[in-house]
Amino acid sequence: MVSLTSVVSGLLLFAGLVSGHPASPIAVAVVKEQFKNALIVPSVIPQFDPNGLFYVNYTQTIAAPFDNGAQLSLENVTQPGYTVQLVIRGLAEGFVTQGSPYNDTNSRYTVIAFDASYPGANQTGEYNLHYLANNLQYVALHDNRITINSTDPPRVTYSPPLPPEGSGPHRYIWLVYKQQDGFQPPADPPAGTTSVELFNYTQYISQSGLGDPFAGTYFTVERGARSSDVAVAETSAVDSTTLPQYTPSASSVAPQSTGSSSSATRSVTFNENIGLTLLAGCVSTFIGTIILL
2 MVSLTSVVSG LLLFAGLVSG HPASPIAVAV VKEQFKNALI VPSVIPQFDP
52 NGLFYVNYTQ TIAAPFDNGA QLSLENVTQP GYTVQLVIRG LAEGFVTQGS
102 PYNDTNSRYT VIAFDASYPG ANQTGEYNLH YLANNLQYVA LHDNRITINS
152 TDPPRVTYSP PLPPEGSGPH RYIWLVYKQQ DGFQPPADPP AGTTSVELFN
202 YTQYISQSGL GDPFAGTYFT VERGARSSDV AVAETSAVDS TTLPQYTPSA
252 SSVAPQSTGS SSSATRSVTF NENIGLTLLA GCVSTFIGTI ILL
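According to our numbering, the sequence shown holds residues 2 to 294 in order.
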């Protein structure tokens, strides 16, 4: 496992990222379709109906938050000393809808990251778990920033991607859930897990009562030349112009391909504590604390 100097898992639920604008309905709709076309829904996750855009940002090795489904090199996600930021841009309605994940001060959250292998892999429902944190909670509201934090370490500390050599493009999936009242984390995986372990996603969601994620993203990492016995299932691009949310004037989302987005170089750092910030339109970076740029 790669040793990271400071893992800042800052989850920022933004009404606007950089531009300060809410996530557009067409962009959210494209991500929903990408999860289907990448064979994540329903093969891995039974249902996914996001109400925001989730970005994973590896600072230092990638120049900007990359698109959902991006292909990243192993070097992008394993260099020591990087910082991982998690950012969510919510739909505008999320900040005014009572009880939504973006405005409920009593909410608590769970974040899960795991490796779902390559499209078409013969999975048994168990996946390599790379990160798990429960009970992220509301802290404060200031200048349109709702900060949610945990004083406890994550249940499973972050491990960067390291797919077996020649095993095809592994899909690394990050999901965010709003916990139900009375939530109790299942005993497995045990608190304090520090290495990648097999994880039964369906069983965990059922036992915990988490329901469906309200936001998520994935990227792919492939290591070495693909072995001849790895049969990667065909996936397809998402054409945003075919979606009901598309309008020529309102959409700037071009037809997108699942798992084939180019990315610059960027990196990640996780701290033992995860920070979740719901922002209504400002640019932030997590380096242990929030720094407004």
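Just so you know, even glycine gets a beta-carbon here, dropped at the ideal spot from N, CA and C.
Taking buried to mean at least 16 other C-beta atoms within 10 Å of its own C-beta, is residue i buried or exposed?
i      : result
GLN86  : buried
LEU40  : buried
GLN204 : exposed
GLN257 : Note that GLN257 scores 47 on pLDDT, short of 50, meaning its location in the model is unreliable; the coordinates nonetheless yield the value given after this. With 16 or more Cβ atoms within 10 Å of its Cβ, GLN257 is classed as buried.
ASN69  : buried
GLN99  : exposed
GLY225 : exposed
ALA232 : exposed
ALA192 : exposed
THR125 : exposed
GLN35  : buried
VAL97  : exposed
SER237 : exposed
ALA122 : buried
ALA216 : buried
GLU223 : buried
Give me the Cα-Cα distance between residue i and residue j, rounded to the nearest whole angstrom.
i      : j      : result
PRO120 : ASN136 : 31 Å
THR106 : PRO154 : 21 Å
ALA93  : TYR56  : 17 Å
THR194 : LEU75  : 23 Å
ILE89  : THR60  : 16 Å
TYR110 : THR242 : 34 Å
TYR132 : THR79  : 15 Å
SER108 : PRO81  : 33 Å
ASN77  : GLN138 : 30 Å
HIS143 : PRO102 : Because HIS143 carries a pLDDT of 46, less than 50, the predicted location of this residue cannot be relied on, and the following value inherits that uncertainty. Using only the alpha carbons, I get a separation of about 17 Å.
TYR202 : ASP213 : 12 Å
ASP116 : ALA71  : 15 Å
ILE27  : LEU54  : 11 Å
GLY91  : GLN208 : 28 Å
PRO47  : LYS37  : 10 Å
VAL298 : ASP50  : The first residue shown for the chain is 2 and the last is 294, placing residue 298 beyond what the model contains.
LEU73  : ASN58  : 12 Å
ASP189 : VAL157 : 10 Å
ASP240 : VAL31  : 8 Å
Helix, strand or coil for residue i per DSSP?
i      : result
LEU1   : Residue 1 lies beyond the range of the chain shown here (2 to 294); nothing can be said about it.
GLY217 : strand
VAL29  : helix
ALA93  : helix
VAL222 : strand
TYR103 : coil
TYR205 : helix
ASN58  : strand
GLU34  : helix
SER261 : Caution is warranted here: a pLDDT of 41 is assigned to SER261, below 50, making its placement in the model unreliable, and the coordinate value is therefore given only provisionally. It is coil, neither helix nor strand.
THR98  : coil
ASP144 : Residue confidence for ASP144 is low, a pLDDT of 41 falling below 50, so the modelled location carries little weight; the figure read from the coordinates is stated next. In the structure shown, ASP144 sits in coil (DSSP, three-state: anything other than H, G, I, E or B).
VAL177 : strand
THR248 : coil
THR243 : helix
GLU79  : Correcting the residue identity first, residue 79 is Thr in this sequence and not Glu. Helix, per DSSP.
ALA188 : coil
GLN138 : strand
VAL45  : coil
TYR119 : coil
LEU163 : coil
> Can at least three beta-carbon pairs, one atom from the segment 233 to 249 and one from the segment 195 to 207, be found at a separation below 8 Å?
Replying inline: no
>> Using a Cβ distance threshold of 8 Å, determine whether the segment 177 to 188 contacts the segment 158 to 167, with at least three qualifying pairs required.
In response: no
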